[in-house]
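Novice: My structure is below; once you've seen it, I'll send some questions.
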Amino acid sequence: MERRKFLMLFGVGTLASYLPVAIAACSSLLKPDAASAQSDGFLVVGTVTDLDNAGQILRDTEIGSIALVRSPDNPQNLIAVDPTCTHQGCKTNWDNNNQSYNCPCHGAKFDVYGNVINGPARNSLKTYDATIQGNSVLVRRS
Ligand code: FES
1 MERRKFLMLF GVGTLASYLP VAIAACSSLL KPDAASAQSD GFLVVGTVTD
51 LDNAGQILRD TEIGSIALVR SPDNPQNLIA VDPTCTHQGC KTNWDNNNQS
101 YNCPCHGAKF DVYGNVINGP ARNSLKTYDA TIQGNSVLVR RS
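This is how it looks when you write it as structure tokens:
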């Protein structure tokens, strides 16, 4: 085998053997909102510090969009909903002053628990279980 051909094949082979490792190492970087799943189904979606600084955690995760706030009735409890409007799928916006999710598309309004206040939506927002472990805020499907 010629030296030049040997070096070319060796180089391609070496590159091919490192490619899967490089792809695996970069895959987590390709999902900026990837949350880490635990064995009990909970996902870490942020920290207590994030929540208390912003008043809300808003994330798109593998189990859906999540909007999370502290309960107005008991701040130790967390309330997490999917902020996607159940009318036609627009993203609602959290109104902290009125403690409601407001849909910019057709005016639907939901309370902090995701219950319909004003139509045209008829169904409540989807909810999640939410909890705190240490400084981590976790959610899972209800
Ligand atoms: S999509 Fe929200 S009110 Fe229509």
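Here UniProt numbering is used: the first residue of the sequence shown is 1, the next is one more, and so on. Ideal placement from N, C-alpha and C gives every residue a C-beta, glycine not left out. Keep in mind that this is a model prediction, so the values were computed, not measured.
(1) If you draw a straight line from the C-alpha of Asn77 to the C-alpha of Thr131, how long is it?
(2) Going by alpha carbons, who is nearest to Glu62 out of Val69, Asn74, Gly41?
(3) Count the other CB atoms, across all protein chains shown, that sit within 10 Å of the CB of Tyr128; report buried if there are 16 or more and exposed otherwise.
(4) Grab me the residues of Ser71's own chain with a C-beta within less than 6 Å of its C-beta, minus the 5 sequence neighbours each way, in chain order.
(5) Taking just the CA atoms, how far does Gly134 sit from Leu43?
(6) Which residues does DSSP pair with Asp95 in a beta bridge?
(7) May I ask whether a heavy atom of the ligand FES can be found less than 6 Å away from the beta carbon of Ala108?
(8) State buried or exposed for Ile66, treating a residue as buried only when at least 16 other CB atoms are found within 10 Å of its CB.
(9) What does a CB cutoff of less than 6 Å around Gly114 pick up in its chain, not counting 5 residues either side in sequence?
(10) How big is the Cα-Cα spacing for Pro120 and Asn96?
(11) Comparing alpha-carbon positions, which option in Gly89, Asn93, Asn74, Asp73 lies nearest Leu58?
Specialist: Well, looking at it:
(1) Taken atom to atom, the span from the alpha-carbon of Asn77 to that of Thr131 is near 7 Å.
(2) That would be Gly41, whose Cα lies nearest to the Cα of Glu62.
(3) It counts as buried.
(4) Answer for Ser71: Asn77, Ile79, listed in chain order.
(5) Taken atom to atom, the span from the alpha-carbon of Leu43 to that of Gly134 is near 14 Å.
(6) Bridge partners of Asp95: Ser100.
(7) Correct: Ala108 has its Cβ closer than 6 Å to the ligand FES.
(8) That one is buried.
(9) Short of 6 Å from the beta carbon of Gly114, and not among the five residues preceding or following it, lie these beta carbons of its own chain, in chain order: Val81, Ser124, Leu125, Thr127.
(10) The C-alpha of Asn96 is placed about 22 Å away from the C-alpha of Pro120.
(11) Nearest option by C-alpha distance: Asn93.
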